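I have placed the structure first, in the form of structure tokens, so that the comments after it can refer back to it.
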Amino acid sequence: MAWRRLSAEDVYRACDPNAFDFETTEHLPPPEGFIGQKRAVSAIHFGLRMRSHGYNLFLTGPPGTGKTSLIRAMLEDMARDRPVPDDICLVQNFRDPDRPRALSLPAGMGRQLKRDMEGLVEQLKREIPRALESKEYQEQQAGIMREYQRQSAALFEELERRASREGIQLRVTPAGIMTVLIHDGKPLTQEEYEALDEATKEQVRRKMEQFNEQIAELLDRVRTMEREAREKTEELERWTLLFVVRRLIDGLRLKYANYPEILNYLEEVQENILQEREKFRPRPPVEPTGLRLDERASFVEYQVNVLVDNSATHGAPIVFEPNPTYTNLFGTIEREVRLGALVTDFTKVKAGSLLRANGGFLVVEALDVLRYPFVWDALKRPLETGEVRIEDVAAHYGLVSATGLRPEPIKVDVKVALIGSPLLHYLLYIYDEDFRKLFKVKADFDTQMDRTPENLAQYAYFLKSCCDREGLRHLDRSAVAAIIEYSSRLAEDQMKLSTRFGEISDIVREAN
0 MAWRRLSAED VYRACDPNAF DFETTEHLPP PEGFIGQKRA VSAIHFGLRM
50 RSHGYNLFLT GPPGTGKTSL IRAMLEDMAR DRPVPDDICL VQNFRDPDRP
100 RALSLPAGMG RQLKRDMEGL VEQLKREIPR ALESKEYQEQ QAGIMREYQR
150 QSAALFEELE RRASREGIQL RVTPAGIMTV LIHDGKPLTQ EEYEALDEAT
200 KEQVRRKMEQ FNEQIAELLD RVRTMEREAR EKTEELERWT LLFVVRRLID
250 GLRLKYANYP EILNYLEEVQ ENILQEREKF RPRPPVEPTG LRLDERASFV
300 EYQVNVLVDN SATHGAPIVF EPNPTYTNLF GTIEREVRLG ALVTDFTKVK
350 AGSLLRANGG FLVVEALDVL RYPFVWDALK RPLETGEVRI EDVAAHYGLV
400 SATGLRPEPI KVDVKVALIG SPLLHYLLYI YDEDFRKLFK VKADFDTQMD
450 RTPENLAQYA YFLKSCCDRE GLRHLDRSAV AAIIEYSSRL AEDQMKLSTR
500 FGEISDIVRE AN
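Each residue of the sequence shown is one higher than the one before, starting from 0 at the first, in numbering that gives the first Met the number 0.
What follows is the structure, encoded as structure tokens:
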């Protein structure tokens, strides 16, 4: 076969504008399906529908082949028919305050529970002081104290009568009860006592010792009565508070009767309020410490921290994380400076994009995940265990020795899609065994597709969607034909079209 030099006309394949039956792309119907990338679309469909462990996706291909746009469109189409995931809340763990408890509630209920608990606290702040200041409560409390005073006074009177019979005078001083021996109607002085003979002195000492024992016995009985009176007062206060608290919380129990986790939480809240009732007592606006009441008793332990609120979510969530740092992906525990010290509580815990994507999909750039410290290993962990732990990254890796909050692990079900280069996929597949187990679906994006009449029409639909999406001027038939020719030039093949849609979109933008 003889060789010959090809001319420009030989390698150039023109596109006839008359091959299109429209005047401009504005008159085209909305595009259906996806342009090209049949292999990638098939792989993504397979990966998204697989619910078994490890079928996460890795989208690979040259830049500009539409990986992000395609996965976004496919996820939006699939997520629409998925159920809305639960809200995720953190509440106080009254048995172990350093380990806040995670609650999974139907979408929208987290915000509702938060409002209900805030309303409960406001009601308690009004109703408990009112109950403790009520006339009925004050009378019952005064009755307990009167009974104690009557009984202790009767004991003291009985002791005084005994002392009088024994010739002893009782004197009540700040240091306690003193005894003085009476002789000839007058208190016996020290000089008179020294003048007594030894037998009489011994008799006086025994008498005083015996009587002091009676005094000690009396004081023990008085202390016992005082303790019983205090216990009765505390029991009265507890029952008074229990009546108020139970009446208010019973309304919430009825509202959340079908949610055992909330019922258990409300039971713990009720018990804690009764134990910590001191903070609900009536107080002056400003304490002697200089702290206002709302600063001294913030009632933060009764708040609800809604980590993930799906009340406005439709279908499964789709999260594209552009900056996958450790805290952005997995959440963080914030701190604030208070009186010169860093403090925190469970309301300072913030969710990351992995939790926000629970029940749905998370898309991140693979290179970014590998670039940030600790992120890659931390990302594999919830994909293996199905749990997310929100923790201080420095403390977790032993960089600091500080102790703090350790919220309960939160169960997650999320499909992760990584976007990266073929080389990056190859390196991870070769050198990371976990990667092979966790990212079993590879979607290869081609740089070319066949130049068929069907694909020419699909190209025109793509150009229409590009103009509609960005508000660009629509293209007439000759412009579409010119872009088709340019696409074949990018593909370096008369019989192919380029799928580097990023570069094609740039031409449309520049021509606008």
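Quick reminder that beta carbons are idealized off the backbone N, C-alpha and C, glycines included.
The structure presented is a predicted model; accordingly, all values stated were derived computationally and were not measured.
(Q) Between which residues of its own chain and L158 is the CB-CB distance below 6 angstroms, once the five residues before and five after are set aside? (A) In the sequence shown, counting from the first residue as 1, residue 158 sits at position 159. Counting only Cβ-Cβ distances below 6 angstroms, and skipping sequence neighbours, we find L217.
Q | Same chain, Cβ closer than 6 angstroms to A480, five either side skipped, listed in chain order | A | For the purposes of this step, residue 480 is taken as residue 481 along the sequence shown, with counting starting at 1. Contacts found: C14 and P16.
Q. Would the beta-carbon of L123 fall within 8 angstroms of that of V244?
A. To locate residue 123, count along the sequence shown from 1; it is residue 124. To locate residue 244, count along the sequence shown from 1; it is residue 245. Annotated as proximal: L123 and V244, with beta-carbon spacing under 8 angstroms.
Q.
For the structure I just gave you, are there three or more beta carbon pairs, one from the segment 75 to 92 and one from the segment 103 to 114, closer than 8 angstroms?
A. Contact between the segment 75 to 92 and the segment 103 to 114 is present, because at least three Cβ pairs lie under 8 angstroms.
**Q.** Cβ contact check for the segment 25 to 35 and the segment 450 to 458: 3 or more pairs under 8 angstroms
**A.** Output reads yes: the segment 450 to 458 touches the segment 25 to 35.
**Q.** T24 in three-state terms, based on DSSP
**A.** Taking the first residue of the sequence shown as position 1, residue 24 is located at position 25. Three-state result, T24: helix.
Q) CA-CA distance, R4 and Y54? A) As a working mapping, residue 4 is identified with position 5 in the sequence shown. As a working mapping, residue 54 is identified with position 55 in the sequence shown. Each residue's Cα considered, the two are about 51 angstroms apart.
Q | Range covered by the beta strand (DSSP E) that runs through Q447 | A | Position 448 of the sequence shown, counted from the first residue, corresponds to residue 447. Residues Q447 to D449.
Q) Around the C-beta of V299, are 16 or more other C-beta atoms found within 10 angstroms, so that it is buried, or is it exposed? A) As a first step, residue 299 is located in the sequence shown; it is residue number 300 there, counting from the start. Taking every protein chain shown into account, the CB of V299 has fewer than 16 other CB atoms within 10 angstroms, so this residue is exposed.
Q: Kindly identify the DSSP beta-bridge partner or partners of G419.
A: Along the sequence shown, read from residue 1 onward, the residue named residue 419 stands at position 420. Note: G419 sits in a beta bridge opposite T59.
**Q.** Short Cβ contact (8 angstroms threshold) for L354 with V305
**A.** Position 355 of the sequence shown, counted from the start, is the residue given in the question as residue 354. Position 306 of the sequence shown, counted from the start, is the residue given in the question as residue 305. With contacts defined by Cβ atoms closer than 8 angstroms, L354 and V305 do not form a contacting pair.
Q) To the nearest angstrom, how far is it from the Cα of R79 to the Cα of N271? A) For the purposes of this step, residue 79 is taken as residue 80 along the sequence shown, with counting starting at 1. For the purposes of this step, residue 271 is taken as residue 272 along the sequence shown, with counting starting at 1. R79 and N271: Cα-Cα distance of roughly 43 angstroms.
Q. Looking only at its own chain, which residues have a Cβ that is under 8 angstroms from the Cβ of F242, when we skip the five neighbours before and after it?
A. Within the sequence shown, the letter at position 243 stands for residue 242. The answer, listed in chain order, is A130.
Q: With DSSP as the reference, please indicate the residues paired to I409 in a beta bridge.
A: Here residue 409 refers to the residue found at position 410 when the sequence shown is read from its first residue. In the DSSP output, where bridge partners are listed per residue, I409 has V387.
**Q.** Rounded separation between G339 and Y258 - CA only
**A.** Start at 1 with the first residue of the sequence shown, and residue 339 comes out as number 340. Start at 1 with the first residue of the sequence shown, and residue 258 comes out as number 259. Straight-line measurement puts the Cα of Y258 at about 41 angstroms from the Cα of G339.
Q) When the Cα atoms are used, what is the spatial distance from Y147 to F155? A) What you label residue 147 is simply residue 148 of the sequence shown in a count that begins at 1. What you label residue 155 is simply residue 156 of the sequence shown in a count that begins at 1. It is roughly 12 angstroms from the alpha-carbon of Y147 to the alpha-carbon of F155.
Q) From E8 to S486, what does the alpha carbon distance come to, in whole angstroms? A) Along the sequence shown, one-based indexing puts residue 8 at 9. Along the sequence shown, one-based indexing puts residue 486 at 487. Each residue's alpha carbon lies about 17 angstroms from the other.
Q: Can you have a look at H313 and say buried or exposed, based on whether 16 or more other CB atoms are within 10 angstroms of its CB?
A: The residue labelled residue 313 in the question sits at position 314 within the sequence shown. Exposed.
Q: Take C466 as the anchor and find which of I506, V318 and W2 has the nearest alpha-carbon.
A: In the sequence shown, residue 466 corresponds to position 467, counting from 1. C466 has its Cα closest to that of I506, out of I506, V318 and W2.
Q: Over the uninterrupted alpha helix (DSSP H) stretch that includes V363, give me the two end residues.
A: Looking up residue 363 in the sequence shown gives position 364. Bounds of any alpha helix (DSSP H) do not take in V363; it lies within the beta strand (DSSP E) bounded by F360 to E364.
**Q.** CA-to-CA distance, P316 to N263, given in whole angstroms
**A.** Working through the sequence shown from its first residue, we reach residue 263 at position 264. Working through the sequence shown from its first residue, we reach residue 316 at position 317. Taking C-alpha positions only, N263 is separated from P316 by approximately 29 angstroms.
Q: Excluding the 5 residues preceding and the 5 following V413 in the sequence, name in chain order all residues of the same chain whose CB lies nearer than 6 angstroms to its CB.
A: By one-based count along the sequence shown, residue 413 stands at place 414. Answer for V413: A356, N357 and L361, listed in chain order.
**Q.** DSSP-derived helix/strand/coil call for V268
**A.** Residue mapping note: residue 268 aligns to position 269 of the sequence shown, counting from 1. In the displayed model, V268 falls within a helix according to three-state DSSP.
Q: Can you give me the Cβ contacts of T64 inside the same chain, cut-off strictly under 8 angstroms, excluding the 5 residues immediately before and after it?
A: Position 65 of the sequence shown, counting from 1, holds the residue named residue 64. Closer than 8 angstroms at the Cβ level, and outside the excluded window around T64, lie Q36, F444, D445, T446, T498, R499, F500 and G501.
Q: Note down the Cα distance separating V439 from V40, rounded to an integer number of angstroms.
A: Here residue 439 refers to the residue found at position 440 when the sequence shown is read from its first residue. Here residue 40 refers to the residue found at position 41 when the sequence shown is read from its first residue. Checking the sequence, you will find Lys at residue 439 rather than Val. Cα to Cα, the separation comes out at about 15 angstroms.
Q. When the Cα atoms are used, what is the spatial distance from P372 to R508?
A. If you number the sequence shown from 1, residue 372 lands on position 373. If you number the sequence shown from 1, residue 508 lands on position 509. Cα-Cα distance, rounded: 38 angstroms.
Q. Should G351 go down as buried or exposed, given a rule of 16 or more other Cβ atoms within 10 Å for buried?
A. Here residue 351 refers to the residue found at position 352 when the sequence shown is read from its first residue. The residue in question, G351, is buried, as its Cβ has 16 or more Cβ neighbours within 10 Å.
**Q.** Alpha carbon of A153 to alpha carbon of L251, nearest angstrom
**A.** The sequence position of residue 153 within the sequence shown is 154, counting from 1. The sequence position of residue 251 within the sequence shown is 252, counting from 1. Going from the Cα of A153 to the Cα of L251 covers about 49 angstroms.
Q. Closest by CA to H26, which one among H473, I261 and V268?
A. Taking the sequence shown and counting its residues from 1, one reaches residue 26 at position 27. Minimum Cα-Cα distance from H26 among the listed residues H473, I261 and V268 corresponds to H473.
Q. Should Q137 be labelled buried (16 or more other beta-carbon atoms within 10 Å of its own) or exposed?
A. The residue labelled residue 137 in the question sits at position 138 within the sequence shown. Q137 comes out exposed.
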